[in-house]
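**Student:** Below you will find the structure I want to go over with you.
Number of protein chains: 2
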Amino acid sequence: MLTRIDHIGIACFDLDKTIEFYRSTYGFQVYHSEVNEEQGVREAMLKINETSDGGATYLQLLEPTREDSAVGKWLAKNGEGVHHIAFGTPDVDADAADIRDKGVRVLYDEPRIGSMGSRITFLHPKDCHGVLTELVTSAPASTSEH
Amino acid sequence: MLTRIDHIGIACFDLDKTIEFYRSTYGFQVYHSEVNEEQGVREAMLKINETSDGGATYLQLLEPTREDSAVGKWLAKNGEGVHHIAFGTPDVDADAADIRDKGVRVLYDEPRIGSMGSRITFLHPKDCHGVLTELVTSAPASTSEH
């Protein structure tokens, strides 16, 4: 069961400049940053608010580390902008299986590792009215590193 | 001061079909629907979670009521997908003035009426790393109609 907007993923050409835009314009701070080599991105999470399911909603700023990554190809085609949206769930495996059974294409056979040790999968945007949609289960608090 | 993600605005060709997708795939329900003739949209708000500032985060599904509306033109160019993101604030006037002073183009001279009697304005996407960005102050609870 999806219980929150976990984050909005925003693709950018220059992570540092984009972080500075969100800081100087709105006052948002970097909560966490990392490089995810599997996804081919350097990313920063800006925490915007906490949510009624005990989680939080972030902006996730994404700069590709290589042109042939999914985000790199998307940026080359579309330019900067909203790349995907992500719903939080306590059980990404169960939700992914349930959604696959409804005929929506789930892009990974098994969830992979996302921001802050979360487990993630994606749904095909053509099956979701044009929206690349991610499902996220946060890491247990004890293993989440900032 | 921006205190939450208020909503993610998603443009679609057929509002009823898109509502049905979000209901049957994820179980999300319509919290509110309306036609905004000024914006040229028929819309549905799906409440996803409540937020730590006392508000909530919604998906806002948008179908244009006319081809020459902003959303109609955007859909013709881009197809279905994420159209904008919106931050909630207690004082859209003050935040819009502050952000304008920083050199970001604010699209309206004065805030206009958005979903559920809110007051809204937009920031130019070219000044926001490609993201059409809305600022929203909710209507007082007593005047908000579902």
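Keeping their order, the protein sequence lines are chains A and B.
For the first sequence, UniProt numbering assigns the number 1 to the initial residue and increments by one for each residue that follows.
For the second sequence, UniProt numbering assigns the number 1 to the initial residue and increments by one for each residue that follows.
Glycine residues also receive a C-beta, built at the ideal position from the N, C-alpha and C atoms.
This one's a predicted model, so the numbers in the text were calculated from it and none came from an experiment.
Is it true that the CB of L132 of chain A sits closer than 8 Å to the CB of residue 196 of chain A?
**Tutor:** Absent from the model: residue 196 of chain A. The displayed extent of chain A is 1 to 146, so no value can be given.
**Student:** Would you mind working out which of B:P140, B:A141, B:M116 and B:G88 sits nearest F122 of chain B, comparing C-alpha positions?
**Tutor:** Comparing Cα-Cα distances from F122 of chain B to each of B:P140, B:A141, B:M116 and B:G88, the minimum goes to B:G88.
**Student:** Using a Cβ-Cβ cut-off of 8 Å, state whether Y26 of chain A counts as contacting chain B.
**Tutor:** Chain B, which has a Cβ nearer than 8 Å to the Cβ of Y26 of chain A, makes this yes.
**Student:** Counting only beta-carbon atoms, is E110 of chain A nearer than 8 Å to chain B?
**Tutor:** It does not: the Cβ of E110 of chain A has no partner Cβ on chain B nearer than 8 Å.
**Student:** Taking R100 of chain B as part of the alpha helix (DSSP H), name the residues at either end of that continuous run.
**Tutor:** Here the alpha helix (DSSP H) through R100 of chain B covers V92 to D101.
**Student:** Examine chain B for any beta-carbon lying closer than 8 Å to the beta-carbon of F21 of chain A, and answer yes or no.
**Tutor:** With 8 Å as the cut-off, F21 of chain A counts as an interface residue toward chain B.
**Student:** Go ahead and label L13 of chain A buried or exposed: buried means 16 or more other beta carbons lie within 10 angstroms of its beta carbon, across all protein chains shown.
**Tutor:** For the sequence presented, residue 13 of chain A should be read as Phe rather than Leu. It counts as exposed.
**Student:** Could you list which residues in chain A have their beta carbon closer than 9 Å to that of I10 of chain B, in chain order?
**Tutor:** Chain A residues near I10 of chain B: I85, H129, G130 and V131.
**Student:** Just to confirm my understanding: we take N78 of chain B, look at its own chain, exclude 5 residues before and 5 after, and list those with CB closer than 8 Å. What are they?
**Tutor:** Result list for N78 of chain B: A11, in chain order.
**Student:** Provide the residue span of the beta strand (DSSP E) that contains T25 of chain B, from first to last.
**Tutor:** Premise fails: T25 of chain B lies in the alpha helix (DSSP H), L15 to Y26, not in any beta strand (DSSP E).
**Student:** By the DSSP assignment, the alpha helix (DSSP H) with residue 173 of chain B in it spans what residues?
**Tutor:** Here chain B comprises residues numbered 1 to 146, so residue 173 of chain B is not present and cannot be evaluated.
**Student:** Quickly, what does DSSP pair H7 of chain A with across the bridge? List them, please.
**Tutor:** Looking at the DSSP assignment, H7 of chain A forms a beta bridge with A:Y58 and A:A86.
**Student:** Any idea what DSSP makes of V30 of chain A, helix, strand or coil?
**Tutor:** Reduced to three states, the DSSP call for V30 of chain A is strand.
**Student:** Should R66 of chain A go down as buried or exposed, given a rule of 16 or more other Cβ atoms within 10 Å for buried?
**Tutor:** Exposed is the call here.
**Student:** Is the number of C-beta pairs between the segment 59–74 of chain B and the segment 13–25 of chain B that are closer than 8 Å three or more?
**Tutor:** With the cut-off at 8 Å, the segment 59–74 of chain B and the segment 13–25 of chain B touch.
**Student:** Leaving out five residues before and five after A44 of chain A in sequence, what residues of the same chain have Cβ atoms less than 7 Å from its Cβ?
**Tutor:** So the list reads L15, I19, V30, S33 and L61, once near-sequence residues are dropped.
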